[in-house]
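Visitor: Got a structure for you, written out below as structure tokens; questions coming shortly.
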Amino acid sequence: MRIVVDLNRCQGYAQCAFLAPEVFVMHGEEGLLYDPEPDEAQREKLAQAVAACPVQAILVDAVETPDRRIRRSRRAHRPGR
Amino acid sequence: MTQSLLHQILDPANRADPYPIYAELRKTPVHHEEDGPFVVSTYYEIRSLLHDPRISSDAHNLVSTGHDPLAEPAQEEQSELPPSFLRLDPPEHDRLRRMTNRHFGPPHSPHRVDGMRGELQGIVTGLIDGIGDPGRIDLVDQFSYPFPVTVICRLLGVPREDEARFHGWADAIAASLDPDPDADPAERGKGAPDARMQLGMYLAGLIEERRKNPGDDMLSELASAKGPDGTLTTMELLSTAALLLIAGHETTVNLVTNGMLTLLRNPDVLQRLRADPRLAVPIVEELLRFEPPVQLVPQRTPLADIEVHGVTIPKGSSLWLVLASGNRDPRRFENPDRFDPDRRDIQHLGLGSGIHSCFGAPLARLEAQFALSELARRLENPRLLEDPPPYRQNAVLRGPRHLSIACDGIRP
Amino acid sequence: MNGDGPLHRLRREGRIVVVGASLAGLRAAETLRDEGFAGSLTLIGDEPYEPYDRPPLSKQVLLGMADADRTALPRRRALDATWRLGVAATGLDMAARRVRLADGDEVPYDRLLIATGVRARPWPREAEAALDGVICLRSRGDGAALARRLAEGPRRVLVIGAGFTGSEIASACRERGVAVTVAERGAAPLVGALGGVVGAVAAELQRAHGVDLRCGVMVTALEGDASGRVRAAQLSDGSTVEADVVVVSLGAQRNTDWLAGSGLGAGPRGIACDAGCRAFDIRGIVTDDIFAAGDVARCPHPLFGYQFLSLEHWGNAVSQARIAAHNMISESTDRLPHLAVPAFWSSQFGVSIKSVGVPTLGTEIVVPQGSLDGGGFVGVYGYQGRVVGAVSFDHARWLPFYEEQIEKAAPFPPPFPTLDRRPDAQRPRDADFPDPSVPTHGPTVTLSGYSPADRRMTFTPAH
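Written as structure tokens, this is what we have:
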């Protein structure tokens, strides 16, 4: 599972950190840190956190395994610019 | 002459379905009747005002309450508890809320609520096990009321057996938000200060006891903790504890009861919830929009003349923010009068917004989720015996007084 | 819309190429599909990874809360795209409508979106930059390398540059118990982005958390030991800082080099676009098939006198990507301007810093809420009598109000009383931004052009 939080929207209500404390951690009174790729075991708590966010700032993958096609179509090239 | 909209909101006859009145109200986003409060009923205006640093929650800033039937003037008598953070502005509000939160939620107590999951499930199970005759259940008395009361008692460390004592005080205090529009304003809410004081004395004894004999409950921690903001004074501690106790009593009961009522009126959703308890999560959010337990916030006042939707609200006037109406604003929500747990866009105002947003929100959410999913799973073929049910008189903390239901049996 | 007009054909079977496979590129691609683009979609990225999120690299990753290779961005939807990852775009032929790739391939397009972003500005002396232990933080690999160094327990980390990234790195060091020195050329941390008044608060925050903060100094040289490991830095005040990790955090350079000679209006300050994200060519004529979004774009902003703004902001990448993608496949009358109020955040030393509007445009500041002395505050920036920006330290719930004030071009200083307004807060004072001709380490908004509103040119050095 991959998630991203739009921290411009976040106002530190901390609902996510209450409901899924293994994924979301308040850093100080208002700052939020989170694990961008939480364990599958967190799925239910994550769903609670996503729904409870008063500013709907948490985005979870809408696609199950988006990277399969990438690996297939990626060609080996020298990395970097 | 037809009854004024203000009276219609407060009229107990409209308690079962206030939403048509709110729709009428929204035609004038800032509604003002002669000498009464300014009533704001549209989503965007309410949300703006909840984040507006010119809007005070401190009753001292109310210049004149005029004929605001919900106004609660500042209490200065010595016997009274000082206002809780609900009725304070920053910086005092921020300090007290921060100190209280230190023992309730992140960053300092991140596992307090999450750690109550098992306990919540256990209390729900016990209450449903004890229902008795499935042919006639009063969901309020047998479930929705005792559940959150037990939870808040455990959280705070209040002995459950004392419940009968403070039940009466809590009701009297909640009733001060429960105006009879035709009653003499001087008589209204007269019992509240007395109840608040008695509750305060009860809590003072309890805190004394917890100081001697601390447990891992919130009261013990609040009474003894010393953080960067110092320690709560005894008076601050008392009003904070009273606030949590009353809020824990008078709101979740309505969320759970409104929830079951709404599910019984929408049997397809109830059926889906029975099949998939995870649906309780979106159901509770939609409930907070559709039937919020706190219908309106009557305790705000501007520090300066402000203009809202073309109307000037003078400094010091009384302001009502009708959250439940904003939640049904068609400018914000598609088909707002439809209960739709599949709604994706759901930034409701059910728990407020801004610095005064509901302190106990995560606990209320979990309580309602456990309650509704277990009721859906265990009650066989549940049905309403009375629709609409009788409501509590309270227009602010709105919910059924009783919810008579029947079912064919209780699943294990 | 004509059923078989050129636009209809484009939407049905056109070729859209997105150069830059990070946040802006990904969100633009998703919007194209959301809006019904059914043709071929190609995303080109120089890094061999699918799009990942960068902000965690200076926070969660350094704190050990997440691995650097586990910050891939979630997908809003399936894309059905061809990904060319690990290969940089090296050239653009505008006439032939082709993007050249580092491996010699050429990719033809009907519409092109450029979202190549920025890269970290490297330490200017190559030999010193190559010392073991000298790190720039921009990519996932950089994040992994720095996290590994911090986990090894270095004796001291030196951070060069106290912009947002540098300050966040210093914060992570302190949280991990690592000694850290921060060297900043300006008078205070964050001074380029938020001015000296707020910069002083940031400085206090750093010192209170045990950072050895040195302002008004430059690092003049890095020294290595016999094995090629960095061991010390010389400062312009004559002092020496011994450090076994040096993080170079001198801001960013826009990735426009590959467009040199293409005829597109691209340079060190970014790619000039109109308010609808259409890129200009070097003649100042707007193209109709090339768009830009994210850190690399510089667009005139209607809210700020049509001043050209380059915004190195996460939120800008998201909102601009959406606008650019929409406009790429829309009739001219259906196109949308990029109007979003700029916003950014930072988390450091346990404080959440958030901003709306463009503080750097402000000349004065007032503190209508809270206090600079602790417990958080809101600072409001004014320019020519109107509100242009706001910043909050642990006061985020009030920012929506100030965002409305910015959108309304409300008068400055705010003429009304507010909750918790301290007696000394009525009076605006100089926001104390550094002279724009003196380079600082960390402005994330660059005013880069003429403002038609006041016919005044703002000088921005081309680094």
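Note that the protein sequences, when read in sequence, are chains A, B and C.
Residue numbering for the first sequence follows the working numbering, starting at 100 and increasing by one per position.
Residue numbering for the second sequence follows the working numbering, starting at 7 and increasing by one per position.
Residue numbering for the third sequence follows the working numbering, starting at -10 and increasing by one per position.
All residues carry an ideal CB built from backbone N, CA and C; glycine is no exception.
CA-CA distance, L385(B) and R417(B)?
Guide: If I take the Cα positions, the gap works out to 6 Å.
Visitor: Could you name the residues of the same chain whose beta carbon sits closer than 8 Å to that of D263(C), not counting the 5 residues immediately before and after it, in chain order?
Guide: F269, V275, C288, P289.
Visitor: Roughly how many whole angstroms lie between the Cα atoms of T34(B) and R337(B)?
Guide: Distance between the alpha carbons of T34(B) and R337(B) is about 13 Å.
Visitor: What are the partner residues of D201(C), as DSSP defines its beta bridges?
Guide: Answer is T170(C).
Visitor: May I ask you to report which of helix, strand or coil DSSP gives H290(C)?
Guide: Here H290(C) sits in strand by DSSP.
Visitor: With S31(C) as the anchor, note down where its alpha helix (DSSP H) starts and where it stops.
Guide: The question names Ser, yet the displayed sequence has Thr at residue 31(C). No alpha helix (DSSP H) holds T31(C); the beta strand (DSSP E) holding it covers 29 to 34.
Visitor: Verify the CB distance criterion: does A140(A) have a CB-CB separation below 9 Å to chain B?
Guide: For A140(A), the answer is no, since every Cβ of chain B falls outside 9 Å of its Cβ.
Visitor: Could you say which of S225(C), R108(C), E2(C), H327(C) lies nearest to R243(C) if we only look at CA atoms?
Guide: When only C-alpha atoms are compared, the closest one is R108(C).
Visitor: Of all the CB atoms in chain B, is at least one closer than 9 Å to the CB of V154(A)?
Guide: At least one chain B Cβ lies under 9 Å of V154(A).
Visitor: So what does DSSP say about S381(C), is it helix, strand or coil?
Guide: Residue state, collapsed to three classes: strand.
Visitor: So which residues of chain A does W334(C) contact, with C-beta pairs closer than 8 Å?
Guide: In chain order: L106, N107, C109.
Visitor: In the stretch 292 to 306 of chain C, which residues sit with their C-beta less than 9 Å from some C-beta in chain A, listed in chain order?
Guide: For the stretch 292 to 306 of chain C, which is checked against every Cβ of chain A, the residues closer than 9 Å are H302, W303, G304.
Visitor: According to the Cβ coordinates, are S156(C) and G127(A) closer than 9 Å?
Guide: Contact: no.
Visitor: How would you label Q337(C), buried or exposed, when you count the other beta carbons within 10 angstroms and need 16 or more for buried?
Guide: Buried, since its Cβ has 16 or more Cβ neighbours within 10 Å.
Visitor: Contact defined as beta carbons within less than 8 Å: I believe R86(C) pairs with D99(C). What is the distance between those atoms, to the nearest angstrom?
Guide: That pair is a contact at about 7 Å.
Visitor: Among the residues of its own chain, which have a CB less than 6 Å from the CB of V262(B), if the five just before and after it don't count?
Guide: S150, A374, A377.
Visitor: Assuming T257(B) and V300(B) form a contact by the criterion Cβ under 8 Å, report the distance between their Cβ atoms to the nearest whole angstrom.
Guide: Indeed, because the Cβ distance is near 6 Å, the residues count as touching under 8 Å.
Visitor: Tell me which same chain residues have a C-beta within less than 6 Å of the C-beta of A382(B), skipping the five on either side of it?
Guide: Closer than 6 Å at the Cβ level, and outside the excluded window around A382(B), lie L276, L279, R280.
Visitor: Using a Cβ-Cβ distance cut-off of 9 Å, determine whether R337(B) contacts chain C.
Guide: Not closer than 9 Å to any Cβ of chain C, the Cβ of R337(B) fails to qualify, so no.
Visitor: Tell me whether G42(B) is buried or exposed, calling it buried when 16 or more other Cβ atoms sit within 10 Å of its Cβ.
Guide: Buried, by the Cβ-count rule.
Visitor: Within 10 angstroms of its Cβ, does L225(B) collect 16 or more other Cβ (buried), or is it exposed?
Guide: Buried, since its Cβ has 16 or more Cβ neighbours within 10 Å.
Visitor: Does DSSP put R108(A) in a helix, in a strand, or in coil?
Guide: Correct three-state label for R108(A): coil.
Visitor: Measuring alpha carbon to alpha carbon, tell me which of A229(B), Y28(B), L403(B), A170(B) ends up nearest L11(B).
Guide: Ranking the options by Cα distance to L11(B), first place goes to Y28(B).
Visitor: Can at least three beta-carbon pairs, one atom from the stretch 92 to 104 of chain B and one from the stretch 116 to 135 of chain B, be found at a separation below 8 Å?
Guide: Contact between the stretch 92 to 104 of chain B and the stretch 116 to 135 of chain B is absent, because fewer than three Cβ pairs lie under 8 Å.
Visitor: List the residues of chain B that R386(C) touches, going by C-beta distances under 7 Å, in chain order.
Guide: By Cβ distance, chain B contributes H57, G360, I361.
Visitor: Check the Cβ of S341(C) against every Cβ in chain A and list those closer than 7 Å, keeping chain order.
Guide: Per Cβ cutoff of 7 Å: G111, G127, E129, G130.
Visitor: So the beta strand (DSSP E) M125(A) belongs to, where does it begin and stop?
Guide: 123 to 126 is the extent of the beta strand (DSSP E) around M125(A).
Visitor: What are the residues of the stretch 116 to 137 of chain B that lie near chain A, defined by any Cβ-Cβ distance shorter than 7 Å?
Guide: Taking 7 Å as the Cβ-Cβ cut-off against chain A, the residues of the stretch 116 to 137 of chain B that qualify are P116, H117, V119, D120.
Visitor: Check whether the Cβ atoms of R386(C) and S363(B) sit closer than 9 Å, and answer yes or no.
Guide: Yes, Cβ-Cβ distance for R386(C) and S363(B) is below 9 Å.
Visitor: Under 9 Å between C-beta atoms, does E143(A) make it to chain B?
Guide: For E143(A), the answer is yes, since a Cβ of chain B falls inside 9 Å of its Cβ.
Visitor: Give a yes or no on whether the C-beta atoms belonging to D121(C) and G34(C) are separated by under 9 Å.
Guide: No, they are not a contact pair.
Visitor: Here's the rule I'm using: 16 or more other beta-carbon atoms within 10 Å means buried, otherwise exposed. How should D69(C) be labelled?
Guide: By the 10 Å Cβ count, D69(C) comes out exposed.
Visitor: The beta strand (DSSP E) spanning E313(B) covers which residue range?
Guide: From DSSP, the beta strand (DSSP E) with E313(B) extends over 312 to 314.
Visitor: Starting from H37(B), follow its DSSP beta bridges and name the residues at the other end.
Guide: Bridge partners of H37(B): V45(B).
Visitor: Which value, in whole angstroms, describes the spacing of the CA atoms of R391(B) and H66(B)?
Guide: The question names Arg, yet the displayed sequence has Leu at residue 391(B). Answer to the nearest angstrom: the Cα atoms are 46 Å apart.
Visitor: With a cut-off of 9 Å, does the C-beta of D383(C) fall near any C-beta of chain A?
Guide: So, interface residue.
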